Structure formats: structure tokens, C-alpha cells
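A.B. asks:
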Amino acid sequence: MIYSMTAFARKQFKGDWGTAVWEIRSVNQRYLESYFRLPEQFRGLEVNLKDIFRKRVQRGKIECNLRFEASSSNDNALSMNQELAAQVIQNTQWILDKAGSGTFNAIDVLNWPGVMQTPEQDLDAVTVELMVGFEQTLNEFIDARAAEGTNLAAFIEQRLTAIGEQANKVRSFMPEVQVWQKARILKKFEDAKVELDSTRVEQELVILAQKTDVAEELDRLDSHISESRKVLKKGGPVGRRLDFMMQEFNREANTLGSKVINSEITAAAVECKVLIEQMREQVQNIE
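With positions in the sequence shown counted from 1, the corresponding number in the working numbering is that position plus 51.
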């Protein structure tokens, strides 16, 4: 399976504790980098989340966001720690009696840390549910990468087929090109009114054949096509391998275009370069 580095997944969850939304998105990156935006009370999850990503994803710049909204009943329900409030009042009064003057404000008592309380949520239980939601979101995220990867593999396969067709076209032209080049050499001798020497002609033709022989380049193109298909079939994190193959394709296409002086073969070489560039752009998206 081929995986794209570009994907997005979003999932919302609700419970007695409130509402949570996980969002995971990724873009191209040479290595694996993960960034998190988590509510303060759940910052402790980051180490665990990073470890999960390392096990499931090989490459890409990943942003993982969690939006958490506690239920309104938990937000608004206040209770008073009456025992603590009584101790605050008693101690404050003792200080005032000793000082012999001064007053205290009842609001100050309410503002004393711990006097007014909101019911504490069971964060461990909430965390368990949030992690279940994260796993579901991550699965959708991986599925999205796989679906896009399948499309990328099909795109590359089409271009590989087209490059093979261009290579075969060049092969079919080569006999005609060789005949044309031989006639061109003979015409030059004739125009120069040089007496034809069979040995000299043969030497010139051999030199020209060596300069314009593209059999090796065509064979290498076929080999690169075969190897690229093997890489696609193998699957997994193959983006770097395919990127290397694109460099090899370009090398052969450039050599092919520079060896033969023929408009049709030159056009085939240019078309190969266009196809290779299209593949190279898409390979950058593959994990």
C-alpha cells in the first residue's frame, strides 16, 4: 500500500463530560514532525500521542489539535467548602481582635483559594474516552492517506506506461534514422567531391553510430520502469526510493534527447521529460 503524506481527518465526540473534537492534518515533509495543540489539562497526552504517530506514520509534517469543551452543568455548579470558610473567618477575626481595629469583607472569604469549588471531573476517565476518540480519528487519517496514495500510484503507473510507449516509439524510428544518417554522410562526401573510400566511409558510419546509439538509454528506461513498478507494488514508505528513481529517469531522458538529431525522437525525449516531471511532483507527496 502506498501512502500519501497529505491527508486530513476530523471527528467529534460527546459524553457526560462535554464535547471534544480531534483534528489531524499532514503535509509533505522530509522526515516525521508532529505538532500538538492540546488544552492545558491534557498536555500530558503529548508524549503518548507522539509515540503513537511514530508507530503508525513514517514521514510528514503532522498537526494534531484537540478542542475540548466541558459540559455546562460542570462549569456552572459551584459548591462551598464551609469548613474552610469557617476557619478563614475565625482566623481573620482573631487577627482583627489582636490588632484592635479593622474589618474584613465577606467577598474576600469567598475568594480565598478552595472556599468556592467546582466539581472536579474524573480526568482519567475523560482521558480514556479522548484516547479512544483519537484512535478512531487516526484510523480515518491513515485511511485518507491510503486512499490518496492509491490515486498517486495509479497516476505514476499511467506515466510509466506512457514513458514505455515513448521508448518503443524511439526504437521503431532508429532504423529509419540510421538510413537517413548514412545517406547524409554520403551526400556530404558527394558535395565535397571527395573520392569515396569504402574504409573511410565505414569508419565515419561507425563513429556516427556510436554517437547516436540510444539502445543503452532505452534499455535503462525500461529497467527504471520495471524497478519503479516493483517499488509501487512493494508499498510502504517508498517516497525516497521513488524520488531517486526520478533522478535516474531524468538522466536517461536528457542523454536520449542529446544523442539523436531527429525531430520525432527529440519530441519523444521531451515528452518523456514532461512525464517524468509530472511523476516527480507527485512523488513528493508519497510517504
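We put the beta carbon where it would ideally sit given N, CA and C, even for glycine. Computed from a predicted model, the values in this text were never measured in an experiment.
Going by CA-CA distance only, name the one from E328, N99 and K101 that's closest to A211.
C.D. replies: According to the sequence as given, residue 211 is Leu; it is not Ala. The candidate whose alpha carbon is nearest that of L211 is E328.
A.B. asks: Got a sec, what are the start and stop residues for the beta strand (DSSP E) N116 sits in?
C.D. replies: Its beta strand (DSSP E) spans residues G111 to A121.
A.B. asks: Pull up the CB-CB distance for L269 and S279, whole angstroms please, since I reckon it's below 8 angstroms.
C.D. replies: That belief does not hold up - the Cβ atoms of L269 and S279 are roughly 16 angstroms apart, past 8 angstroms.
A.B. asks: On the three-state DSSP scale, how would you describe E338?
C.D. replies: Note: E338 maps to coil in three-state DSSP.
A.B. asks: Determine the DSSP secondary structure at G66, reduced to helix, strand or coil.
C.D. replies: Correct three-state label for G66: strand.
A.B. asks: Cβ atoms of I113 and I75: under 8 angstroms apart, would you say?
C.D. replies: A contact, by the Cβ cut-off of 8 angstroms.
A.B. asks: Use the C-beta contact count for M351: other C-beta atoms within 10 angstroms, 16 or more gives buried, fewer gives exposed.
C.D. replies: Lying outside 52 to 338, the shown extent of the chain, residue 351 is not represented and no answer is given.
A.B. asks: Give the range of the beta strand (DSSP E) segment to which E299 is assigned.
C.D. replies: Not the beta strand (DSSP E): E299 falls in the alpha helix (DSSP H), residues G290 to K310.
A.B. asks: In this structure, what does DSSP give as the bridge partners for F87?
C.D. replies: In DSSP, F87 forms a bridge with C115.
A.B. asks: Name, in chain order, the residues that DSSP records as bridge partners for A60.
C.D. replies: According to DSSP, which records beta bridges pairwise, A60 is partnered with I75.
A.B. asks: Is A136 closer than 8 angstroms to V166 when the C-beta atoms are compared?
C.D. replies: Against a cut-off of 8 angstroms, the Cβ pair of A136 and V166 comes out as a contact.
A.B. asks: Alpha carbon to alpha carbon, what distance is there between I53 and A195?
C.D. replies: C-alpha separation (whole angstroms): 11 angstroms.
A.B. asks: Could you check which residue in T143, A157, V325 and G69 has the C-alpha nearest to that of A304?
C.D. replies: With distances taken between Cα atoms, A304 lies closest to V325.
A.B. asks: Using 10 angstroms around the beta-carbon of M56, count the other beta-carbons present and answer buried if the total reaches 16, otherwise exposed.
C.D. replies: By the 10 Å Cβ count, M56 comes out buried.
A.B. asks: Hey, quick one: how far does the alpha helix (DSSP H) through L141 stretch, first residue to last?
C.D. replies: A small fix is needed here, since residue 141 is Gln in this sequence, not Leu. Per DSSP, Q141 belongs to the alpha helix (DSSP H) from Q133 to A150.
A.B. asks: Ends of the alpha helix (DSSP H) at L96?
C.D. replies: L96 -> no alpha helix (DSSP H), and no H or E assigned at all.
A.B. asks: Since R110 contacts G290 with CB under 8 angstroms, what's their CB separation in whole angstroms?
C.D. replies: That pair is a contact at about 6 angstroms.
A.B. asks: How far does the alpha helix (DSSP H) with I390 in it reach, from first residue to last?
C.D. replies: Here the chain comprises residues numbered 52 to 338, so residue 390 is not present and cannot be evaluated.
A.B. asks: Could you tell me whether the region 185-195 touches the region 58-65, using the rule of 3 or more Cβ pairs below 8 angstroms?
C.D. replies: Output reads yes: the region 58-65 touches the region 185-195.
A.B. asks: Once you ignore the five residues that flank V177 on each side, which residues in its own chain have a CB closer than 6 angstroms to its CB?
C.D. replies: Hits under 6 angstroms: W68.
A.B. asks: Excluding sequence positions up to five away, which residues of its chain have a Cβ less than 7 angstroms from the Cβ of E315?
C.D. replies: These residues qualify, in order along the chain: F224.
A.B. asks: Please classify E91: is it buried, with 16 or more other beta-carbons within 10 angstroms of its beta-carbon, or exposed?
C.D. replies: The residue is exposed, with fewer than 16 neighbouring Cβ atoms inside 10 Å.
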